[in-house]
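Just so it is clear: in the sequence shown, position 71 is 71 by full-length UniProt numbering, and no numbers are missing.
Quick reminder that beta carbons are idealized off the backbone N, C-alpha and C, glycines included.
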Amino acid sequence: MSSVASLIMAARQSGIPVLEARLLLEHASGLSRTRQAAWPEAELPPEQAERFHTLLQRRQAGEPVAYLIGLREFFSLDFEVSPAVLIPRPETELLVELALEHIPLDTPSRALDLGTGSGIIPVSLRKHRPMLDMRAVDISADALAVAARNAERHATPIQLMQSDWYGSLGREQFDLIVSNPPYIAHGDRHLAEGDLRFEPRGALTDEADGLAHIRRIIQGAPRHLAHGGWLLFEHGYDQAEPSRALLTAAGFAQVQSWDDLAGIARVTGGRRA
Ligand code: GLN
Numbered sequence: 001m002s003s004v005a006s007l008i009m010a011a012r013q014s015g016i017p018v019l020e021a022r023l024l025l026e027h028a029s030g031l032s033r034t035r036q037a038a039w040p041e042a043e044l045p046p047e048q049a050e051r052f053h054t055l056l057q058r059r060q061a062g063e064p065v066a067y068l069i070g071l072r073e074f075f076s077l078d079f080e081v082s083p084a085v086l087i088p089r090p091e092t093e094l095l096v097e098l099a100l101e102h103i104p105l106d107t108p109s110r111a112l113d114l115g116t117g118s119g120i121i122p123v124s125l126r127k128h129r130p131m132l133d134m135r136a137v138d139i140s141a142d143a144l145a146v147a148a149r150n151a152e153r154h155a156t157p158i159q160l161m162q163s164d165w166y167g168s169l170g171r172e173q174f175d176l177i178v179s180n181p182p183y184i185a186h187g188d189r190h191l192a193e194g195d196l197r198f199e200p201r202g203a204l205t206d207e208a209d210g211l212a213h214i215r216r217i218i219q220g221a222p223r224h225l226a227h228g229g230w231l232l233f234e235h236g237y238d239q240a241e242p243s244r245a246l247l248t249a250a251g252f253a254q255v256q257s258w259d260d261l262a263g264i265a266r267v268t269g270g271r272r273a
């Protein structure tokens with residue numbers, strides 16, 4: 001038998017931060033982080049300790065905690081994640097907050113999320129805007145399956161559809177279009193570092209200059225936005241200026257960028273004139 005305290009200690013000695021160790025132990029044993037902290041002398045059965053050690057080894061080999069435990073919190077909700085989808089990032093909460101500012105609370109409106117992945121954006125939006133008619137698309141059927149389970153988990157009705165950007169949307173129009181597209185440029189060293197090594201490459205990079213998908217999203221938006229509708233998208237730390245230039249060239253009004261909590265211009269958008 002091993003105690004909670006001795007298992008956490010073993011994790012810290014192998015270089016795993018305590019919060020990560022507690023998340024992994026919660027996954028291995030079912031003992032919540034609160035219970036672990038309150039009850040460090042609790043003894044765990046050998047099979048749970050072994051499961052924990054296996055998780056520790058995988059973590060040491062670089063696998064992201066979110067994939068090991070199959071969960072990540074975003075906008076105060078827990079979401080299922082798997083290697084079929086990008087791991088939710090805190091920056092993307094800025095996109096959700098801005099999108100919420102553009103969705104009325106008590107009148108119906110229509111929104112579209114392009115490249116939804118695990119569905120964190122549409123689920124968060126629908127959770128806070130019950131009148132919203134929420135559509136979300138992704139090119140990946142595996143990602144859509146994860147998104148469907150997250151919509152179910154949070155009881156947020158969302159219409160999911162497989163589509164290469166606007167490809168399957170016909171002439172449908174929306175009052176708001178949002179996206180966190182793959183915007184990392186080909187050859188960016190971050191692709192070979194940390195969690196990104198384990199994430200779906202197609203969700204991270206366009207294998208080009210980083211703006212290829214942003215261009216397509218902007219080009220197709222006027223046709224799918226109602227008059228006065230907004231397009232808002234997340235982008236890389238150095239892409240705010242080119243994003244605004246693309247929006248302006250496409251005839252958008254009120255083109256602007258917003259900073260994330262780190263002070264980096266992270267979301268850019270404009271309004272269909
Ligand atoms: N924000 C992610 C990163 O920089 C990239 C996600 C994306 O391409 N949308 O790691």
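So does I177 have its beta carbon nearer than 6 angstroms to some heavy atom of ligand 3?
Absence of ligand 3 is noted for the structure shown, with ligand 1 being the only ligands found.
Give me, in chain order, the residues of the same chain whose beta-carbon lies closer than 8 angstroms to that of I234; leave out the 5 immediate sequence neighbours on both sides.
Counting from 1 along the sequence shown, the entry for residue 234 is found at position 234. Reading off the sequence shown, one finds Glu at residue 234, where the question assumed Ile. Result list for E234: E91, T92, L94, L95, S179, N180, P181, Y183, R266, V267, in chain order.
In this structure, does DSSP put A245 in helix, strand or coil?
Walking along the sequence shown from the start, residue 245 turns up at place 245. Three-state DSSP puts A245 in a helix.
What would DSSP say about S76, mapped onto helix, strand or coil?
Position 76 of the sequence shown holds residue 76. Of the three classes helix, strand and coil, the one that applies to S76 here is coil, per DSSP.
With hydrogens ignored, establish whether the beta-carbon of R266 is closer than 6 angstroms to any heavy atom of ligand 1.
Within the sequence shown, the letter at position 266 stands for residue 266. No, since every heavy atom of ligand 1 falls outside the 6 angstroms radius drawn around the Cβ of R266.
Just to confirm, is the Cβ distance from S2 to L56 under 7 angstroms?
Start at 1 with the first residue of the sequence shown, and residue 2 comes out as number 2. Start at 1 with the first residue of the sequence shown, and residue 56 comes out as number 56. Cβ distance not < 7 angstroms, so S2 and L56 don't count as in contact.
Measure how close the beta-carbons of G119 and N150 come, nearest whole angstrom, since I'm counting them as under 8 angstroms.
On the sequence shown, position 119 is the one that residue 119 refers to. On the sequence shown, position 150 is the one that residue 150 refers to. The Cβ separation is near 4 angstroms, so the contact holds.
Same chain, Cβ closer than 6 angstroms to D206, neighbours up to 5 away in sequence not counted:
Start at 1 with the first residue of the sequence shown, and residue 206 comes out as number 206. Shown here for D206: same chain residues with a beta carbon closer than 6 angstroms to its own, the five before and five after excluded, namely P182, A212, H213 in chain order.
How far does the beta strand (DSSP E) with L113 in it reach, from first residue to last?
As a first step, residue 113 is located in the sequence shown; it is residue number 113 there, counting from the start. Before going on, a small fix: residue 113 reads as Asp here, not Leu. Per DSSP, D113 belongs to the beta strand (DSSP E) from 109–114.
I'd like to know whether the C-beta atoms of A111 and F174 end up nearer to each other than 7 angstroms.
Walking along the sequence shown from the start, residue 111 turns up at place 111. Walking along the sequence shown from the start, residue 174 turns up at place 174. A contact, by the Cβ cut-off of 7 angstroms.
If you draw a straight line from the C-alpha of I217 to the C-alpha of W165, how long is it?
By one-based count along the sequence shown, residue 217 stands at place 217. By one-based count along the sequence shown, residue 165 stands at place 165. Rounded to the nearest angstrom, the two C-alpha atoms are 7 angstroms apart.
Answer with buried or exposed for A192, where buried requires no fewer than 16 other C-beta atoms within 10 angstroms of its C-beta.
Start at 1 with the first residue of the sequence shown, and residue 192 comes out as number 192. Here A192 is exposed, its C-beta having fewer than 16 other C-beta atoms within 10 Å.
Closest to A203 by CA distance: which of I87, S257, A147 is it?
Your numbering for residue 203 matches position 203 in the sequence shown. When I87, S257, A147 are compared, the shortest CA-CA separation from A203 is found for I87.
Need the endpoints of the alpha helix (DSSP H) that D142 sits in, please.
For the purposes of this step, residue 142 is taken as the residue at position 142 of the sequence shown. Per DSSP, D142 belongs to the alpha helix (DSSP H) from 141–153.
Do L204 and ligand 1 come close, with the Cβ less than 6 angstroms from some heavy atom?
Here residue 204 refers to the residue found at position 204 of the sequence shown. L204 Cβ: within cutoff of ligand 1.
Could you name the residues of the same chain whose beta carbon sits closer than 8 angstroms to that of M131, not counting the 5 residues immediately before and after it, in chain order?
Translated into the one-based positions of the sequence shown, residue 131 becomes position 131. In the same chain as M131, and ignoring 5 residues on each side of it, the C-beta atoms closer than 8 angstroms to its own belong to P104, L105, D106, T107, P108, S109, in chain order.
Please work out which residues of its chain come closer than 7 angstroms, Cβ to Cβ, to V255, disregarding the five sequence neighbours upstream and downstream, and give them in chain order.
As a working mapping, residue 255 is identified with position 255 in the sequence shown. Answer for V255: R244, L247, T248, G270, listed in chain order.
Straight-line CA distance for L261 to R89?
Residue 261 sits at position 261 when you count from the first residue of the sequence shown. Residue 89 sits at position 89 when you count from the first residue of the sequence shown. Whole-angstrom Cα-Cα distance: 12 angstroms.
For a test of your reading of the model: does the CB of A237 fall under 6 angstroms from any non-hydrogen atom of ligand 1? Yes or no.
For the purposes of this step, residue 237 is taken as residue 237 along the sequence shown, with counting starting at 1. The amino acid at residue 237 is misidentified as Ala; the sequence shows Tyr. The answer is no for Y237.
Comparing C-alpha positions only, which one of T156, A155, G170 sits nearest to Q162?
For the purposes of this step, residue 162 is identified with residue 162 of the sequence shown, where counting begins at 1. Nearest option by C-alpha distance: G170.
Range of the contiguous alpha helix (DSSP H) that encloses E50
Reading the sequence shown from its first residue, position 50 is the one you call residue 50. Start and end: 46–60.
Limits of the unbroken beta strand (DSSP E) element including L132
Stepping through the sequence shown from its first residue, residue 132 is reached at position 132. Residues 132–138.
Simplified DSSP state of L31, which is helix, strand or coil
Position 31 of the sequence shown, counted from the first residue, corresponds to residue 31. Residue state for L31 is assigned as coil, using DSSP reduced to three classes.
List the whole-angstrom C-beta distance separating residue 327 from L125, where the pair is believed to meet the contact cut-off of C-beta under 8 angstroms.
Only positions 1 to 273 of the chain appear in the structure, and residue 327 is not among them; the question remains open.
When DSSP labels each residue in this structure, what does T268 get in the three-state scheme?
The residue labelled residue 268 in the question sits at position 268 within the sequence shown. The answer is strand: DSSP assigns T268 an E or B state.
From R58, T54, L25, residue whose alpha carbon lies closest to that of A42
Here residue 42 is taken as the residue at index 42 of the sequence shown, counted from 1. Looking at the Cα atoms, L25 is the closest of the given residues.
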